[in-house]
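In full-length UniProt numbering, the protein residues as written are 1 to 202.
Here you go:
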């Protein structure tokens, strides 16, 4: 592969959730000479503290704005009353790395399982038990996954990916970075039109 397309994301990034359909269309139209790699950006470090009320309101309002900007994006707004939100996305990031360690083909299904748990089922992916449940749903061994979820090697891999993402200028999510040789550049995209990004690859 002479070109690599990095998809920098966070499983609890609501704009990444909204981008899923367009991102799938982009991937299906890519030339075979471009390799896609997923890279975790890490929105928020581990925390056991309740999310501040004003931040809850800001994110909740953001979900409604996303639905206006990207028609068809679904959110279960019951999350804000059913769960006890925490500003903590590193656990869900580690969950993707743990899934990848067990089976490289499990990363994308695990990402979707986490997103569906969060945005559709009003479950909190900041909680380990939710992540373990997601792993089981996609066929991963629960005990093996649990052992990796908070292992130091998993956390180290996450920090490495965050550092790499930042070194490429990916400061918001999703970010899409094209690497060719030693050169990298951020690509523009539209949440509703895959062609905006694809035109930059032709």
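Just so it is clear, CB atoms sit at the ideal spot from N, CA and C, and this is done for glycine as well.
Owing to the predicted nature of the structure, the values given are computational and were not obtained by experimental measurement.
With respect to the beta strand (DSSP E) encompassing residue 182, which residues constitute its N-terminal and C-terminal limits?
Here residue 182 belongs to no beta strand (DSSP E), and DSSP marks it neither H nor E.
Restricting to Cα atoms, I'd like to know which of 156, 48, 10, 193 is closest to residue 215.
Given that the chain is displayed from residue 1 to residue 202, the structure contains no residue 215 and the question cannot be resolved.
By alpha-carbon positions, which one of 66, 33, 46, 155 ends up nearest to residue 192?
For the residues 66, 33, 46, 155, the minimum Cα distance to residue 192 belongs to 66.
Taking the alpha-carbon of residue 55 as reference, which of 71, 85, 21 has the nearest alpha-carbon?
Among 71, 85, 21, the Cα nearest to that of residue 55 belongs to 85.
Tell me whether residue 41 is buried or exposed, calling it buried when 16 or more other Cβ atoms sit within 10 Å of its Cβ.
Residue 41 is buried by the Cβ-count criterion.
Within the same chain, show all residues whose beta-carbon is closer than 7 Å to that of residue 82, passing over the 5 residues directly before and after it, in chain order.
Counting only Cβ-Cβ distances below 7 Å, and skipping sequence neighbours, we find 122.
Could you check how far apart the C-beta atoms of residue 88 and residue 47 are, in whole angstroms? I think they sit under 8 Å.
Rounded, the Cβ-Cβ distance is 4 Å, consistent with contact.
Quick one: grab the DSSP three-state call for residue 37.
Strand at residue 37.
What are the complete alpha helix (DSSP H) segments, minimum 4 residues, inside the stretch 126-200?
For the stretch 126-200, whole alpha helix (DSSP H) runs of length 4 or above, ordered along the chain, are 128-137, 142-149, 152-167, 195-198.
Assuming the contact rule is C-beta atoms closer than 8 Å, residue 131 and residue 95 should be a hit. Round their C-beta distance to whole Å, please.
The pair is a contact, with the Cβ atoms about 4 Å apart (cut-off 8 Å).
For residue 90, count the other beta carbons within 10 Å of its own beta carbon; 16 or more makes it buried, fewer makes it exposed. Which is it?
Residue 90 is buried by the Cβ-count criterion.
Quick check on residue 70: does DSSP put it in helix, strand or coil?
Three-state DSSP puts residue 70 in coil, outside helix and strand.
Since residue 188 and residue 198 should fall inside the 8 Å C-beta cutoff, what is the C-beta to C-beta distance between them, to a whole number of angstroms?
Between residue 198 and residue 188 the Cβ distance is about 11 Å, and since that is not below 8 Å, they are no contact.
Counting pairs of Cβ atoms below 8 Å between the stretch 150-164 and the stretch 134-142, do you hit three or more?
No: the two stretches stay apart, fewer than three of their Cβ pairs being nearer than 8 Å.
Taking the beta carbon of residue 107 as the centre, do at least 16 other beta carbons fall within 10 Å, making it buried, or is it exposed?
So residue 107 ends up on the buried side.
Output yes or no for whether 9 Å exceeds the beta carbon distance between residue 119 and residue 14.
Cβ atoms of residue 119 and residue 14: closer than 9 Å.
Quick check on the burial criterion: 16 or more other C-beta atoms within 10 angstroms. Buried or exposed for residue 126?
Under this definition residue 126 is a buried residue.
Taking Cβ to Cβ, would you say residue 180 is nearer than 9 Å to residue 4?
Yes, the pair counts as a contact, with Cβ atoms nearer than the cut-off.
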